[in-house]
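Here this note's numbering runs 150 ahead of the position in the sequence shown, where the first position is 1.
Think of the CB as a built atom: it goes at the ideal place given N, C-alpha and C, for glycine as much as any other residue.
Bear in mind that the values here come from a model prediction, so they are computed numbers and not experimental data.
Single-structure report; data block below.
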Amino acid sequence: MEKEFRFEDNSFDVIRIVSALFIVLGHIETHLKAPVFAPVLYVQQRWVGLVCLFVISGYVIPASLERSKNNQEYLKKRVMRVYPALWGATLFSLIAIVVFGMAYSHLKVQGIDIMTWLLGQLTFFQFYTPSSIEAYGVGNPNGSLWTISMEIQIYILIMLLYGWLKRRNKKEWLILMGGGGIACNVIFSWMKPYLPSMVFKLINVTFIPYLYIYLIGMFAYTFRQELMPKLSRLFWPVLMAYIAWSFANGVFFNFNAGHYVNIVSGVFICLLTLSGGYYFGKHRIKYDFSYSVYLYHMIVINVLTIVGINENAQSIVLTYVFTMLLSCLSVFEIEKQGKKLFEKVLRLK
Numbered sequence: 151m152e153k154e155f156r157f158e159d160n161s162f163d164v165i166r167i168v169s170a171l172f173i174v175l176g177h178i179e180t181h182l183k184a185p186v187f188a189p190v191l192y193v194q195q196r197w198v199g200l201v202c203l204f205v206i207s208g209y210v211i212p213a214s215l216e217r218s219k220n221n222q223e224y225l226k227k228r229v230m231r232v233y234p235a236l237w238g239a240t241l242f243s244l245i246a247i248v249v250f251g252m253a254y255s256h257l258k259v260q261g262i263d264i265m266t267w268l269l270g271q272l273t274f275f276q277f278y279t280p281s282s283i284e285a286y287g288v289g290n291p292n293g294s295l296w297t298i299s300m301e302i303q304i305y306i307l308i309m310l311l312y313g314w315l316k317r318r319n320k321k322e323w324l325i326l327m328g329g330g331g332i333a334c335n336v337i338f339s340w341m342k343p344y345l346p347s348m349v350f351k352l353i354n355v356t357f358i359p360y361l362y363i364y365l366i367g368m369f370a371y372t373f374r375q376e377l378m379p380k381l382s383r384l385f386w387p388v389l390m391a392y393i394a395w396s397f398a399n400g401v402f403f404n405f406n407a408g409h410y411v412n413i414v415s416g417v418f419i420c421l422l423t424l425s426g427g428y429y430f431g432k433h434r435i436k437y438d439f440s441y442s443v444y445l446y447h448m449i450v451i452n453v454l455t456i457v458g459i460n461e462n463a464q465s466i467v468l469t470y471v472f473t474m475l476l477s478c479l480s481v482f483e484i485e486k487q488g489k490k491l492f493e494k495v496l497r498l499k
């Protein structure tokens with residue numbers, strides 16, 4: 151007898167933390183030029199962590215909406231998820247700029263730029279870096295946070311449109327994913343030479359180029375009872391197909407249509423993330439370190455860049471050690487205290 155499908159019996163917690171750690175590894179290789187073990191780097195470049203995180207968001211956020219009594223409760227949960235940890239990381243970014251940028255490397259930062267940067271970090275303009283701060287570290291105190299504003303857009307989009315989306319049939323969903331989401335991604339990549347640089351950068355921090363990833367997640371959630379048991383059984387065939395595609399594309403095709411990752415690989419990664427989430431069964435982690443790892447790793451990488459610890463194995467070890475220490479501090483103390491403060495402000499208690 152086939153086991154009854156249960157939404158919560160998944161391994162997405164594990165996939166999230168692995169994906170976050172792969173993102174860290176990619177930034178170590180890019181910014182610190184560290185000698186990452188070639189087979190590990192090969193896997194990291196094909197298991198694109200952000201795609202995994204985006205499709206999981208597309209799958210689980212509609213569940214959060216449906217479990218909420220109303221939109222106000224849903225938005226409060228989203229605020230509590232994002233901002234206490236983000237504000238804590240922003241404080242550490244500011245300390246790093248002052249100590250390692252201004253004091254250690256004598257970086258000249260204008261006061262108005264600090265205030266503007268702080269306002270952006272604490273709200274939803276995390277992608278903006280004033281000119282005098284661009285000289286710090288790798289060019290941005292916490293460059294990976296450009297996705298925060300996009301996640302907020304997705305939260306609002308799901309709140310406004312998911313009630314309509316879940317009433318669509320499968321054919322309509324496929325049109326939305328293909329004719330809407332995938333088309334937006336591919337067309338955006340083609341338009342890069344023709345768009346002003348600023349326009350391209352601004353569109354890049356919206357949900358538009360990544361819409362197909364979120365739509366795949368939402369589609370899977372909408373038809374989860376029927377779809378996910380079947381998809382979980384296809385994990386190994388899909389994985390073998392993706393390995394074959396990656397090898398053939400690297401050797402023969404060099405197909406690169408699509409923004410951020412070629413569209414075929416992007417779809418494969420989405421399917422593998424969703425199928426793997428249920429194929430490996432229920433493996434939940436009590437504390438979610440993936441978000442805090444994502445928040446803090448570029449702070450560490452910037453500091454290591456400034457003090458000149460790079461291009462060696464030591465920089466890899468130090469990045470992971472200090473990122474995990476800060477992540478634990480965030481999860482067990484900063485977020486805990488921050489949520490208490492936000493609860494009082496939002497009158498959740």
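Helix, strand or coil for residue i per DSSP?
i       : result
Lys-227 : helix
Pro-346 : coil
Pro-185 : coil
Ala-407 : coil
Gly-270 : helix
Arg-156 : coil
Trp-197 : coil
Tyr-437 : coil
Leu-422 : helix
Thr-279 : coil
Met-151 : Confidence at Met-151 is low in this model, with a pLDDT of 46, below 50, so the placement of that residue should be treated as unreliable; the coordinate-derived value is given next. Note: Met-151 maps to coil in three-state DSSP.
Gln-375 : helix
Thr-473 : helix
Arg-318 : coil
Val-355 : coil
Phe-250 : helix
Glu-483 : helix
Phe-430 : coil
Tyr-123 : What the structure shows of the chain is the stretch from 151 to 499, and residue 123 is not part of that stretch, so it cannot be assessed.
Val-232 : helix
Glu-461 : coil
Arg-166 : helix
Arg-497 : coil
Pro-291 : coil
Lys-489 : helix
Ser-161 : coil
Gln-260 : coil
Ser-382 : helix
Asn-505 : Outside the shown range of the chain, which is 151 to 499, sits residue 505, and nothing can be said about it.
Near residue i, which residues of its chain fall below 7 Å by C-beta distance, leaving aside the five closest residues on each side in sequence?
i       : result
Lys-258 : Ser-282
Tyr-441 : Ala-235
Gly-408 : Asn-335, Val-336, Ser-339 and Gly-416
Tyr-444 : Ala-170, Ile-173 and Ser-294
Met-151 : Any reading at Met-151 must be qualified, since the residue scores a pLDDT of 46, below 50, and its modelled position is unreliable; the value itself is stated next. So no residue of the chain qualifies.
Leu-215 : Tyr-224, Ile-308, Met-309 and Tyr-312
Excluding the 5 residues flanking residue i on each side, which residues of the same chain have their C-beta closer than 8 Å to its C-beta?
i       : result
Gly-488 : Tyr-233, Pro-234, Ala-235, Trp-237 and Gly-238
Leu-365 : Gly-208, Trp-323, Leu-326, Met-327, Gly-330 and Gly-331
Ala-391 : Phe-418
Val-288 : His-181, Met-448, Ile-451, Asn-452 and Thr-455
Ile-358 : Cys-334 and Phe-338
Ile-165 : Cys-202, Ile-206, Thr-423, Gly-426 and Gly-427
Thr-266 : Tyr-278 and Pro-280
Report all residues from its chain with a CB closer than 6 Å to the CB of residue i; omit the five preceding and five following residues, and keep chain order.
i       : result
Leu-244 : none
Lys-316 : Thr-372
Phe-221 : In the sequence as displayed, the identity of residue 221 is Asn instead of Phe. Counting only Cβ-Cβ distances below 6 Å, and skipping sequence neighbours, we find Met-309.
Ile-173 : Gly-199
Leu-175 : Gln-194
Tyr-428 : Asn-160, Met-378 and Ser-382
Arg-196 : Ser-396
Gly-251 : Leu-257 and Tyr-286
Arg-318 : none
Asn-412 : Phe-405 and Asn-406
When you compare the CB positions of residue i and residue j, do they come within less than 8 Å of one another, or not?
i       : j       : result
Ser-299 : Val-355 : yes
Phe-277 : Ile-302 : no
Leu-454 : Thr-473 : no
Phe-242 : Leu-496 : no
Asn-290 : Thr-297 : no
Ser-425 : Val-388 : yes
Ala-188 : Glu-461 : no
Ile-211 : Tyr-360 : no
Ala-246 : Phe-157 : no
Met-230 : Phe-439 : no
Thr-240 : Leu-191 : no
Ile-363 : Phe-204 : yes
query: Can we say the stretch 153-171 touches the stretch 426-433, given the rule of at least three CB pairs closer than 8 Å?
result: They touch, by the three-pair rule.
query: Using 8 Å as the Cβ pair cut-off and three pairs as the minimum, do the stretch 418-426 and the stretch 366-374 touch?
result: With the rule of 3 Cβ pairs closer than 8 Å, the stretch 418-426 counts as touching the stretch 366-374.
field: Touching by the beta-carbon criterion (3+ pairs, under 8 Å), the stretch 167-179 and the stretch 399-406
entry: Between the stretch 167-179 and the stretch 399-406 there are fewer than three inter-stretch CB-CB distances shorter than 8 Å, so the stretches are not counted as touching.
query: Using 8 Å as the threshold, is the stretch 372-385 in touch with the stretch 341-354, meaning 3 or more CB pairs across them?
result: Short answer: they don't touch.
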